[in-house]
Each structure stands twice: as C-alpha cells, then as structure tokens.
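Protein chains: 2
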Amino acid sequence: MNAPFEQPAAAGKIMLVGIGPGSVDHMTQRARDAIAEADVVIGYVTYIKLVADLIEGKEIIRKSMTEELDRAVSALEAARAGKKVALISSGDAGVYGMAGPTYEVLFQSGWTPEDPVQVEIIPGASALNSCAALVGAPLTHDFCAISLSDLLTPWPTIARRLDAVAMADFVVALYNPKSGRRTRQIVEAQRLFLRHRRPDTPVAIVKSAYRRRENIVFTTLDCMADADIGMLSTVLIGNSNTFVRDGLMVTPRGYSNKYDMQEGGATREGERAGRSLSTGLLGWLDTLRAEHDAGAGIEALAAQYRLPADYIRATLDEPWEAETGTAADGSEA
Amino acid sequence: MNAPFEQPAAAGKIMLVGIGPGSVDHMTQRARDAIAEADVVIGYVTYIKLVADLIEGKEIIRKSMTEELDRAVSALEAARAGKKVALISSGDAGVYGMAGPTYEVLFQSGWTPEDPVQVEIIPGASALNSCAALVGAPLTHDFCAISLSDLLTPWPTIARRLDAVAMADFVVALYNPKSGRRTRQIVEAQRLFLRHRRPDTPVAIVKSAYRRRENIVFTTLDCMADADIGMLSTVLIGNSNTFVRDGLMVTPRGYSNKYDMQEGGATREGERAGRSLSTGLLGWLDTLRAEHDAGAGIEALAAQYRLPADYIRATLDEPWEAETGTAADGSEA
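Right under this line is the structure:
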C-alpha cells in the first residue's frame, strides 16, 4: 500500500553540551559532534557566539542570561517536536550549568528516562579547570567551588560555606564573584576568609580564560576585594601551602611530608613510599590511643587536632582492625 | 661557510595533558593535538593504554602509580634534550594530577618561565565532571573535592575538611576513596558526614566513567561504606536538597526559592527575576539590622544563622551602602 499516512514523529533528543572555556580547541570531540548533529542550538547569546563556526544552517535560539528555565522549556518543546537540540553551557554543563535546571523542567513536565525524548549530558572542562591551567597548578590539593550569586541562594548559606572552607584550608574557586549590582559579596567573602587565613594568601583572578580578552591578575587575600573583578571572572584562593613563584600559582601535593625534596627525594624517617603517612589514618589512630592512654582527655585531644570531641570518642571506641589489604595502594597523587 | 659546528639543541617542551575520563571522544582537540605533536609520551600504564590509538611511533615511558615525581623528572630530562613531551593525566592535569608535582620538580631544578623549556597545561574534564554527567546533575550547586588518600596528607587535615563541608552542606566528590590497603578512610568519612547529614542523603558511586567497565551504583549515606568501592571509583555525596528520581541524581539550583514551580514559574511574593533574593546579602543585612534593633543580641543572631559572632558584629558595623550598580546582574545559574 502506498497511500499516505501520518508517521509518528521521530523521537527528539536534548544534548546538554559543555563547550569548555570558549576556545573551540578546548572543546571535546563529543561536544563538537553533538553540535554538528543538532537541528536546534539553544544558549545564552555569548555562548552562541563562541561556537559560531559550528552552527551554520541550524536553527538558533538565543536567550538572555536570566532565562535558564526558558532555555530548558524551549529545548523540551523542540525535542517533543522530534528535533535534536544542543543546549550549550560554557565550561561544564553540570557545574552551575544547564543540566540541573533542565532536569528540573523535565521532571516538572512528567518526563521520565523511558520517555521517547532522550537526554545526554556531555562533560567539559569547567572554569575552575581552565583557570587553574592558565595560572599554574593551584588545584593539586582539595578544593571547592562556591558561587557568590545570591539570586537563588540565601546569603547565610553562602557565608556559612565560605567560613567552613576558609577554616578547613581548602583551595577555593569563587564563581559569579561580582556583578554590576552585586558588589559587596566579594567584600564579605574576604572578611570571612581573613578570620582564618593569612592576609598574604595567594589569590588569582582570571577573566575570560582562553578567550580574546583573557586577563590574569595575581593578588593576595587582603587586596582581593579591591581588584578588578567582573561577571566573567573566576577568583582562585590558595590554601595555606599555596605559593606564587615566577608568576605561577602552585599548591603542593604534599610530597615534602614524605620525601626530603632537598635531598634528592630520599624518603623521610618513618615514612614508606606507596604507603600511608605515619600521620595517616592508622598511624594517627595509634598516636591518638597512646595519647589517650597516657592521660590526654577527649576534649584536649579534640582541641589539639581541631576535630569534634564526639568524633574523637567514636573513633577511639571503634575496635582496632589491623592493616589487612594486600593490593598496591597506588598513586600518591 | 659549510664547516660543521655544534647547533644549540632545539628547545623542548613539556605539555601536561588532561585526557578526560578515558574515552577518546571526551578528550579536547588541544589534548589530541598535544599528543600528536609530542616526541615522547609519559604516563601511568593505564592512561597510556587509554590513548594507545594516538601514540603509534612515539617514544613511550610507562610509569607505575607511585612514580609521579619520577614522571616529572623524566619529562624534564627529555625536554632538556630538545624533545616535546606529553605528560598525560586522566581527567584534568591540574586536579590531583601531574601539573603540581611537575612544577615542584621544575622549580627544584632551577627552572623559570624564561627557561628554553616551555610548559603548557591543557585542561580536561575532571572525574567529577564526567561522573556527574553520567549520574544526572549533582553539581548544580556549590561542591568540593576531597581525596581520602593519606599517602601524602595527614588524616586530621582530611577529617577536618570532611567535617567542615558536611556541616556546610556542600555536594562532595571523594577522590581515591578506597584501595586494597586503605579501607577504613571511607568508614571514617561516613562517620563524619552522619554527624551533620541525614542517613538517606543520596550517594552515587561511579567506577571507570566512560570506560569499558563503567559501573554506577546509587546508595545512601548510611550504606555508603558497605558499597563496592575501589581505586577507580569516585563517590558523589549530595547536599541536603539533592534527590534521586528515576535513576537520576539532581541537586536543585534554587529556582524554587524564587519561583513557584507548581504555578508555571510565577515569581514568589517579594522576589524579582534577575535580582538578589530577599534573603540575599543586602536583604539579609536589612533583616539582621532590624532584628538587632529590636533587641536580638549578637550571640543570638550568630546562633540563629549559624555564623560566627564576630562576623555578625563586623558586618553590622560596616557602614550601609545602598545598591548602586546599574549593570544587569546576569545569570541566575
């Protein structure tokens, strides 16, 4: 039979594409392919410009900055109509990007993973990765990302996070540090950090990483709030070991805790390559028990190690387990 | 004159290449190009296998896991001999990767950025980006990365960080959560988290993201330590708003603080699109002042907002500055 009949619409797809810092060079192959196979490309106007070379002939939907939920709704409408949609985010689509709002809109609409509309998230290098690569190696130890935008987050939540990570000596990347209207958040962040960190803690301010107007400034915590910071800046605050040398910001991994770097890397007394430090978990528990047995009280130990007293008590109460594993521990990084 | 004379050796280069999760699809163009232009490729054996298709005919130096400093020394030697060296890391070269140890070795050797040996860091999607992309959208709000390896970091430092971010309600990615020898760290991490977070807090364990043996397990905080976790696992712990629905882990950005998602996204009373929340910094300062004027003491306010008393006092003492900016605030993400 050749009589015409209505075909069911082909299933559409939403691809959440992290385009990396902005230069096409630093986009993944899968991100390029996703844009190539898309019928529709949706994104903030600036991001659309960054991928201009890749989107000729496609339907383009440009949105302003505050229209994240609209972008997700437009993507779902186009996908319901059978189209393949690339919803683009700078950096990584999951890090303060469109992945979250899109799933929120999809769930709200009754979508499930069994729906004909499929969803794919394509990871990319986030601002913290690209900014770090440009300034040296600041993220070689534990780090965190905090957005200073209070457009959707109450300030006490943000302040509590700043205080906690300043105290616990993380390397910190501040996203959305400042805008035309939001100028005091960075001052408050500085105030909270200075309660715990030295005034000369290294800070790098990276604007438009890997883009035409790329600009990098090194400063210190006590001068941070006076620096030129804008909507396109990421602020990287070092930990207590981070240093700047010859224009490079580096956070040591901790090799000097185990090896004598001056002595050609000889292992320090009491330490073994490929094994936990003598101050690692099991060694520390031994010390803790010995100190407790010698008369140190729980509160005194808590104060000494700056850890909660009930944690000290609970871990001392845990039955002793000898080191049993046999597999190689692996990387020291 | 055609008499032979000794040419100065051509300048070598060290390229620190983040290859992304492991699938060549998720590598950036610049990472591929760097490997293509390299004379020598240095890396941990497993990472060398991941890029096997790209390195035919090149000099390959395979190192074991614990030889990070050796890898950096080998790279410098080859570069000093005029070679272009790709030193590869999985994920991002800056995130617990080779960028840090390499700069430590370079500085130790007297290298400066004016040296003929040039250094380039090529960012990639880190484990947290790729694991997040596979499980949904867990990193849509503030997050941090903590390595549980105590091979170079004293346990009290790690424990203090776990305690701080559990309290401050971050989404947390645990790197190096467990190995053959290190089995108790994840138990201690769970203990510290359960002091602050609900037992049913969502946890995702991602093994070998985008590789052949990729495996994803969803569990909850109270069962986390009993899950199958190994050297190639990343553990993602949600914040207090993170939920799992239909096999997807999502952290809301906070749109429901401003918009009524049930009512087609109408703006809630007292809130404005594109502006800070009424509980944002300036709104909160107004409230704080009013509460203080009405008789609430500094200590009471500190307890109410779970912030340090001296911070509350300092910010109340700061002279009032009216909202002055005129530029658009921009993104709510």
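Chains as they are written, first to last, in the working numbering: chain A, 755 to 1087; chain B, 755 to 1087.
In this text, a Cβ means the ideal position worked out from N, Cα and C, and glycines have one as well.
Note that this is a predicted model, so its numbers are computed, not measured.
Buried or exposed (CB count within 10 angstroms, at least 16 for buried), residue i
{"i": "residue 872 (chain B)", "result": "exposed"}
{"i": "residue 994 (chain A)", "result": "exposed"}
{"i": "residue 771 (chain B)", "result": "buried"}
{"i": "residue 803 (chain A)", "result": "exposed"}
{"i": "residue 799 (chain A)", "result": "exposed"}
{"i": "residue 813 (chain B)", "result": "exposed"}
{"i": "residue 1005 (chain B)", "result": "buried"}
{"i": "residue 912 (chain B)", "result": "buried"}
{"i": "residue 1021 (chain A)", "result": "exposed"}
{"i": "residue 845 (chain A)", "result": "buried"}
{"i": "residue 885 (chain B)", "result": "buried"}
{"i": "residue 1008 (chain B)", "result": "buried"}
{"i": "residue 1034 (chain A)", "result": "buried"}
{"i": "residue 992 (chain B)", "result": "buried"}
{"i": "residue 1016 (chain A)", "result": "exposed"}
{"i": "residue 944 (chain B)", "result": "buried"}
{"i": "residue 864 (chain B)", "result": "exposed"}
Under 7 Å from the C-beta of residue i: neighbouring residues of chain B
{"i": "residue 928 (chain A)", "result": "Ordered by position in chain B, no residue passes the 7 Å Cβ test against residue 928 (chain A), which lies about 10 Å from the chain."}
{"i": "residue 1059 (chain A)", "result": "910"}
is_contact[residue i, chain B] using C-beta, thresh 9 Å
{"i": "residue 1019 (chain A)", "result": "yes"}
{"i": "residue 1033 (chain A)", "result": "yes"}
{"i": "residue 787 (chain A)", "result": "yes"}
{"i": "residue 957 (chain A)", "result": "no"}
{"i": "residue 897 (chain A)", "result": "yes"}
{"i": "residue 872 (chain A)", "result": "no"}
{"i": "residue 778 (chain A)", "result": "yes"}
{"i": "residue 901 (chain A)", "result": "yes"}
Among the options, the one whose alpha carbon lies nearest that of residue i
{"i": "residue 1070 (chain A)", "options": "A:893, A:881 and A:1044", "result": "A:1044"}
{"i": "residue 1014 (chain A)", "options": "A:848, A:1006 and A:1023", "result": "A:1023"}
{"i": "residue 817 (chain A)", "options": "A:1026, A:834 and A:797", "result": "A:797"}
{"i": "residue 964 (chain A)", "options": "A:765, A:775 and A:766", "result": "A:775"}
{"i": "residue 988 (chain B)", "options": "B:860, B:971 and B:831", "result": "B:971"}
{"i": "residue 765 (chain B)", "options": "B:867, B:922, B:1030 and B:959", "result": "B:867"}
{"i": "residue 962 (chain B)", "options": "B:979, B:940, B:880 and B:1034", "result": "B:880"}
{"i": "residue 1001 (chain A)", "options": "A:968, A:947 and A:891", "result": "A:891"}
{"i": "residue 889 (chain B)", "options": "B:943, B:823, B:1011 and B:990", "result": "B:990"}
{"i": "residue 861 (chain B)", "options": "B:893, B:823 and B:894", "result": "B:823"}
{"i": "residue 778 (chain B)", "options": "A:785, A:1057 and A:978", "result": "A:785"}
{"i": "residue 793 (chain B)", "options": "B:1012, B:840, B:806 and B:974", "result": "B:840"}
{"i": "residue 773 (chain A)", "options": "A:1057, A:876 and A:936", "result": "A:876"}
Within chain A, partners of residue i - CB distance below 9 Å
{"i": "residue 977 (chain B)", "result": "Here the premise fails: no neighbours, minimum Cβ distance about 18 Å."}
Length of the line joining the Cα atoms of residue i and residue j
{"i": "residue 917 (chain A)", "j": "residue 955 (chain A)", "result": "15 Å"}
{"i": "residue 809 (chain A)", "j": "residue 788 (chain A)", "result": "11 Å"}
{"i": "residue 849 (chain B)", "j": "residue 1048 (chain A)", "result": "41 Å"}
{"i": "residue 933 (chain A)", "j": "residue 901 (chain A)", "result": "12 Å"}
{"i": "residue 925 (chain B)", "j": "residue 899 (chain B)", "result": "9 Å"}
{"i": "residue 768 (chain A)", "j": "residue 887 (chain B)", "result": "13 Å"}
{"i": "residue 1046 (chain B)", "j": "residue 1052 (chain B)", "result": "7 Å"}
{"i": "residue 1073 (chain A)", "j": "residue 853 (chain B)", "result": "40 Å"}
{"i": "residue 1062 (chain A)", "j": "residue 897 (chain A)", "result": "22 Å"}
{"i": "residue 952 (chain A)", "j": "residue 1039 (chain A)", "result": "30 Å"}
{"i": "residue 1054 (chain A)", "j": "residue 851 (chain A)", "result": "45 Å"}
{"i": "residue 882 (chain B)", "j": "residue 927 (chain B)", "result": "7 Å"}
{"i": "residue 870 (chain A)", "j": "residue 856 (chain A)", "result": "16 Å"}
{"i": "residue 1083 (chain B)", "j": "residue 966 (chain A)", "result": "Confidence is the limiting factor: at residue 1083 (chain B) the pLDDT is only 46, short of 50, which leaves the residue's position unreliable and the question unanswerable from this model."}
{"i": "residue 874 (chain B)", "j": "residue 976 (chain B)", "result": "43 Å"}
{"i": "residue 930 (chain B)", "j": "residue 1019 (chain A)", "result": "24 Å"}
{"i": "residue 895 (chain B)", "j": "residue 979 (chain B)", "result": "24 Å"}
{"i": "residue 1092 (chain A)", "j": "residue 935 (chain A)", "result": "The requested residue 1092 (chain A) does not occur in the structure, where chain A is confined to residues 755 to 1087."}
C-beta neighbour in chain A for residue i, strict 9 Å
{"i": "residue 849 (chain B)", "result": "yes"}
{"i": "residue 967 (chain B)", "result": "no"}
{"i": "residue 1039 (chain B)", "result": "yes"}
{"i": "residue 822 (chain B)", "result": "yes"}
Neighbour list for residue i in chain B, Cβ cutoff strictly below 9 Å
{"i": "residue 1004 (chain A)", "result": "853, 854, 857, 858 and 861"}
Within chain A, the residues that residue i reaches when beta carbons sit closer than 8 Å
{"i": "residue 1131 (chain B)", "result": "In the structure as shown, chain B begins at 755 and stops at 1087. Residue 1131 (chain B) is therefore absent and cannot be evaluated."}
{"i": "residue 996 (chain B)", "result": "Per Cβ cutoff of 8 Å: no residues; residue 996 (chain B) is ~10 Å from chain A at best."}
Closer than 8 Å at the beta carbon, the chain B residues around residue i
{"i": "residue 806 (chain A)", "result": "The premise fails here: residue 806 (chain A) is roughly 17 Å from chain B at the closest Cβ pair, so nothing lies under 8 Å."}
{"i": "residue 1069 (chain A)", "result": "942 and 945"}
{"i": "residue 774 (chain A)", "result": "782 and 877"}
Neighbouring residues, chain A, relative to residue i (Cβ below 7 Å)
{"i": "residue 1046 (chain B)", "result": "Chain A residues near residue 1046 (chain B): none, gap ~15 Å exceeds 7 Å."}
{"i": "residue 924 (chain B)", "result": "898 and 915"}
{"i": "residue 893 (chain B)", "result": "848 and 849"}
{"i": "residue 1000 (chain B)", "result": "866 and 867"}
Residue i at chain E interface by Cβ criterion, 9 Å
{"i": "residue 1030 (chain B)", "result": "The question asks about chain E, but that chain is absent: this structure's protein chains are A and B."}
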